[in-house]
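One structure is given here, and the rest of the page talks about it.
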Amino acid sequence: MARMHSNKKGKSGSTRPPWAKAPEWFTRTPDEIEDLIVKLAREGKNSSMIGLILRDQYGIPLVKSILNKTISQILAERNLRPNLPEDITNLIKKAINVRRHLEENKKDKSSKRGLQLIESKIYRLSKYYRETKVLPKDWKYDWKKAAILIR
952 MARMHSNKKG KSGSTRPPWA KAPEWFTRTP DEIEDLIVKL AREGKNSSMI GLILRDQYGI
1012 PLVKSILNKT ISQILAERNL RPNLPEDITN LIKKAINVRR HLEENKKDKS SKRGLQLIES
1072 KIYRLSKYYR ETKVLPKDWK YDWKKAAILI R
């Protein structure tokens, strides 16, 4: 898949393990895994961070292959899901940092272009999430309000 804002091609992500069910060597119960996910979410970790911690520290390969649910679905069931999706949150944080940089360096044209690209991604993602009803229909990105929300 090609990159959106460059003329380069690239791999679209890492490869998943080839199995669709839990491996034979895995000994944890699904309840233990759900409790770990809830504990990490209450500590303030987002879903991708939870997945990395489960993989690296607890040796849990793929939550979906064991529980038949994703980490986001588990968080939604327990009402621990954040009000904004993780990818939009990360893009908003990035845009805030670039805006802060542009306040100090007003002539930085490449950063200004980067900010335009970041905000266009935010607009496209928010349109998608409004259509899929993850965000409310009247949700709109405003950089002034976003800076207050994210901090």
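In the numbering used here, the protein residues as written are 952 to 1102. For every residue, glycine included, the Cβ atom is placed at its ideal position computed from N, Cα and C. In this text the structure is predicted, and so the values were computed from the model without any measurement.
Taking R1029 as the centre and dropping the five residues before and after it, the same chain places the C-beta of V989 closer than 6 Å to its C-beta, in chain order. The stretch 1010-1030 makes no contact with the stretch 1041-1056: fewer than 3 CB pairs, one atom from each, lie closer than 8 Å. If you ignore the 5 residues before and after K1045, its C-beta comes within less than 8 Å of the C-beta of I1069, all in its own chain and listed in chain order.
If you draw a straight line from the Cα of W1090 to the Cα of I1101, it comes to about 15 Å. Taking C-beta atoms as the reference points, S1023 and S998 count as a pair closer than 8 Å. Burial state of S1077 is buried, judged by a 10 Å Cβ sphere holding 16 or more other Cβ atoms. The DSSP-derived three-state label of K1063 is helix. In this structure the stretch 1079-1089 does not lie against the stretch 969-984, because fewer than three pairs of beta carbons, one per stretch, are closer than 8 Å. Shown here for I1073: same chain residues with a beta carbon closer than 8 Å to its own, the five before and five after excluded, namely I1039, L1042, I1043, A1046 and Y1092 in chain order. The beta carbon of H956 sits closer than 7 Å to those of L1068, all from its chain and outside the five residues before and after it, given in chain order. A straight-line Cα-Cα distance of about 28 Å links E1055 and E1037. Fully enclosed alpha helix (DSSP H) runs of no fewer than 4 residues occupy 1037-1055 of the stretch 1032-1062, in order along the chain. Its chain contains I1047 as the residues whose beta carbon lies nearer than 6 Å to that of A1098, once the 5 sequence neighbours on both sides are disregarded; these appear in chain order.
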